[in-house]
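Below: the structure, in structure tokens.
There are 2 protein chains.
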Amino acid sequence: MILYGFWRSIATMRVRTGLALKGLAADELPVDLLRGDQFEESFRAVNPARAVPALVPVEGAPALFQSMAILEWLEETHPQPPFLPHDAAGRARVRGLALIAAADTHPLSVPRVRSELAQRFGADERAVQNWVQHFIMEGATSLEGHLCREAETGEFCHGNVSGLADICLFSLKAQADMFEVDLTPWPTVRRIAARCAEIEAFASSHPTRQPGAPHRHSVFP
Amino acid sequence: MILYGFWRSIATMRVRTGLALKGLAADELPVDLLRGDQFEESFRAVNPARAVPALVPVEGAPALFQSMAILEWLEETHPQPPFLPHDAAGRARVRGLALIAAADTHPLSVPRVRSELAQRFGADERAVQNWVQHFIMEGATSLEGHLCREAETGEFCHGNVSGLADICLFSLKAQADMFEVDLTPWPTVRRIAARCAEIEAFASSHPTRQPGAPHRHSVFP
Numbered sequence: 028m029i030l031y032g033f034w035r036s037i038a039t040m041r042v043r044t045g046l047a048l049k050g051l052a053a054d055e056l057p058v059d060l061l062r063g064d065q066f067e068e069s070f071r072a073v074n075p076a077r078a079v080p081a082l083v084p085v086e087g088a089p090a091l092f093q094s095m096a097i098l099e100w101l102e103e104t105h106p107q108p109p110f111l112p113h114d115a116a117g118r119a120r121v122r123g124l125a126l127i128a129a130a131d132t133h134p135l136s137v138p139r140v141r142s143e144l145a146q147r148f149g150a151d152e153r154a155v156q157n158w159v160q161h162f163i164m165e166g167a168t169s170l171e172g173h174l175c176r177e178a179e180t181g182e183f184c185h186g187n188v189s190g191l192a193d194i195c196l197f198s199l200k201a202q203a204d205m206f207e208v209d210l211t212p213w214p215t216v217r218r219i220a221a222r223c224a225e226i227e228a229f230a231s232s233h234p235t236r237q238p239g240a241p242h243r244h245s246v247f248p
Numbered sequence: 028m029i030l031y032g033f034w035r036s037i038a039t040m041r042v043r044t045g046l047a048l049k050g051l052a053a054d055e056l057p058v059d060l061l062r063g064d065q066f067e068e069s070f071r072a073v074n075p076a077r078a079v080p081a082l083v084p085v086e087g088a089p090a091l092f093q094s095m096a097i098l099e100w101l102e103e104t105h106p107q108p109p110f111l112p113h114d115a116a117g118r119a120r121v122r123g124l125a126l127i128a129a130a131d132t133h134p135l136s137v138p139r140v141r142s143e144l145a146q147r148f149g150a151d152e153r154a155v156q157n158w159v160q161h162f163i164m165e166g167a168t169s170l171e172g173h174l175c176r177e178a179e180t181g182e183f184c185h186g187n188v189s190g191l192a193d194i195c196l197f198s199l200k201a202q203a204d205m206f207e208v209d210l211t212p213w214p215t216v217r218r219i220a221a222r223c224a225e226i227e228a229f230a231s232s233h234p235t236r237q238p239g240a241p242h243r244h245s246v247f248p
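From first to last, the protein sequence lines stand for chains A and B. In our numbering, each number is its position in the first sequence, counted from 1, plus 27. In our numbering, each number is its position in the second sequence, counted from 1, plus 27.
Printed below as a string of structure tokens:
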């Protein structure tokens, strides 16, 4: 499999974790989002949405796109170990938690959004960082609101086995790391993120562990 | 079933369409997002993420949350008629298209984002509308890039039966209607949206058809 990704892409990170949890290997091809590689014609042929990740399952096949759709595909084609519980209500809860991070939080901090803030409103680095921090904190509040009060929460988001919600919660933690948000006010989110970090499939997917990552990087390299 | 929603909520609209396609009825309880009803304690008990939609499947059960998780739950608990094709690659394509609208486009136009633009950057109504229009056009471009060139595209996004991707594409069309984006430059998106509008399950879910909708409304009532 070929995974088009970028070292600091939070959505690529989710697919990386998913592949690792399923015990699958993919060759990662870098698409530099900060340089704008995603807008080149050659990449638009891979993914017309001009975004990573894109996963080519076998040579010549069309690329799968959108991290959450790729993770569902992984679950359907490689059921073990499962990302989702067996009962419909549990699956809805796990998907809902996952989407709080992946759909309600992460899209507000991607390069194209940060760039529009700068261009349209003259937002400087600090103002952009504050914007991103605000929405990461909102996402953490929403997750904590569920996790701290619901009986299904265990060692991980849903019981004592990691899954789709943990992949996304841990990607929110990576966002928080990059944009310097301290998760102390959200103790259950923080605890589960720390538990995930003990597992190599999670830890190895973190942006700072990727080959393209600088030893020290600012939020806006 | 009880659906907590709001007449102009694009995410509520998706669940409304899904319920109607499955032939299910839910009583809709309004949560006025513009007045801030979602932040009240009574609603936080229903959905700690302070967002609609939230679907209570049976009295006393916890609310399902996040429109895409609710739609997957509907598909699993009420398989007929299906929202998703049977093959894993097709399911990944349909979910990917759906998420371009639901995760990459829609979250950038919700009230909490518009409100932050106004508060942080002094964006006026016109600037906020331009921001939303930009991301709707980006979403339409990404969808069109897939739909216009892929053999799976038919009368609807994936073949000749409507499904999850069409629910989300039609919700992007409703966003475009509300924020005054003309979809003419994206002919396949426009054609499929028009085809959906011929079906009552889609048409009846549109914000302008809801009891709470004013006869004439501005984008910022």
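The beta-carbon is built from N, C-alpha and C at its ideal position, and this holds for glycine as well.
message: Buried or exposed for Gln65/B, going by 16 or more other Cβ atoms inside 10 Å?
response: buried
task: Taking Thr235/B as the query, report the chain A residues whose CB atoms sit under 7 Å from its CB, ordered along the chain.
output: What Thr235/B touches in chain A: nothing, since even the nearest Cβ is about 25 Å away.
field: Straight-line Cα distance separating Leu61/A from Thr235/A
entry: 16 Å
field: Three or more C-beta pairs below 8 Å linking the region 87-107 of chain B and the region 146-158 of chain A
entry: no
message: Taking DSSP's pairing of strands, which residues face Thr180/A in a bridge?
response: Gly186/A
message: Check whether chain A comes within 8 Å of Glu103/B, counting only Cβ atoms and requiring the distance to be less than that.
response: yes
Local conformation of Val208/A per DSSP, three classes: coil
- request: Please check if any C-beta of chain B sits within less than 8 Å of the C-beta of Ala240/A.
  value: no
Beta-carbon spacing of Cys195/B, Ala129/B below 8 Å: yes
field: Anticipated Cβ contact below 8 Å, Val162/A with Leu135/A, distance rounded
entry: Looking at the sequence provided, one finds Phe at residue 162/A rather than Val. With 8 Å as the limit, Phe162/A and Leu135/A qualify as a contact, their Cβ atoms being about 4 Å apart.
- prompt: What's the call for Asn74/B, buried or exposed, on a 16-neighbour Cβ count within 10 Å?
  reply: buried
message: Residues in the same chain with beta-carbon distance under 6 Å from Lys49/A, minus the five sequence neighbours each way, listed in chain order, please.
response: Leu101, His105
message: Please report whether the beta-carbon of Ala172/B lies at a distance below 8 Å from any beta-carbon of chain A.
response: Rather than Ala, the amino acid found at residue 172/B in this sequence is Gly. Chain A, which has a Cβ nearer than 8 Å to the Cβ of Gly172/B, makes this yes.
message: Once the 5 residues before and after Asn187/B are set aside, which same chain residues still bring their CB inside 6 Å of it?
response: Gly181
- prompt: Which residues, taken in chain order from the region 176-198 of chain B, show a beta carbon closer than 8 Å to some beta carbon of chain A?
  reply: Arg176, Glu177
message: Let me see if you follow: with CB-CB separation under 8 Å, is Pro80/B close to chain A or not?
response: no
query: What is the DSSP secondary structure of Leu51/A, counted as helix, strand or coil?
result: coil
- prompt: What residues from the region 110-142 of chain A come within 9 Å of chain B, judged by C-beta to C-beta, listed N to C?
  reply: Ala115, Ala116, Arg118, Ala119, Arg120, Val121, Arg122, Gly123, Leu124, Ala125, Leu126, Ile127, Ala129, Ala130, Asp131, Thr132, His133, Pro134, Leu135, Val137, Arg139, Val140
query: Is there a Cβ from chain E that is less than 8 Å from the Cβ of Trp34/B?
result: In the displayed structure, chain E is absent; the protein chains listed are A and B.
- prompt: Hey, quick one: how far does the alpha helix (DSSP H) through Ala128/B stretch, first residue to last?
  reply: 115-129
message: Report the start-end ranges of each alpha helix (DSSP H) in the region 214-247 of chain A that is 4 residues or longer and not cut off at the edges.
response: 214-224, 227-230
message: Just to confirm, is the Cβ distance from Gly166/B to Asp131/B under 8 Å?
response: yes
query: Is the Cβ of Ser169/B closer than 8 Å to any Cβ of chain A?
result: yes
- request: Please decide whether His244/B counts as near chain A, where near means a Cβ-Cβ distance under 8 Å.
  value: Note that His244/B has pLDDT 49, beneath the 50 cutoff, so the model's placement of it is unreliable and the number below is only indicative. Not an interface residue.
message: Any beta carbon from chain B within less than 8 Å of Phe247/A's own beta carbon?
response: Confidence at Phe247/A is low in this model, with a pLDDT of 36, below 50, so its placement is unreliable and the value that follows should be read with caution. No, Phe247/A lies away from the interface with chain B (no Cβ there is under 8 Å from its Cβ).
message: Starting from Gly32/B, trace the beta strand (DSSP E) in both directions and tell me its first and last residue.
response: 29-32
task: Taking only the alpha-carbon atoms, compute the straight-line gap between His113/A and Ala119/A and give it to the nearest angstrom.
output: 10 Å
task: Kindly list the residues whose CB is nearer than 7 Å to the CB of Ser94/A, restricted to its own chain and excluding five residues on each side of it in sequence; keep chain order.
output: Ala38, Arg41, Val42, Pro80, Ala129
message: Using only the alpha-carbon positions, how far apart do Glu179/B and Asp204/A sit?
response: 40 Å
message: Checking 8 Å against the spacing of the C-beta atoms, do Arg71/B and Ala240/B come in under that value?
response: no
- request: Closer than 7 Å by beta-carbon distance: list the chain A residues that pair up with Ile37/B, in chain order.
  value: In chain order: nothing, as chain A lies at least about 12 Å away.
query: Which stretch, first to last residue, makes up the alpha helix (DSSP H) that contains Leu144/B?
result: 138-148
message: Just checking: is the beta-carbon of Ile97/A within a distance shorter than 8 Å of some beta-carbon in chain B?
response: yes
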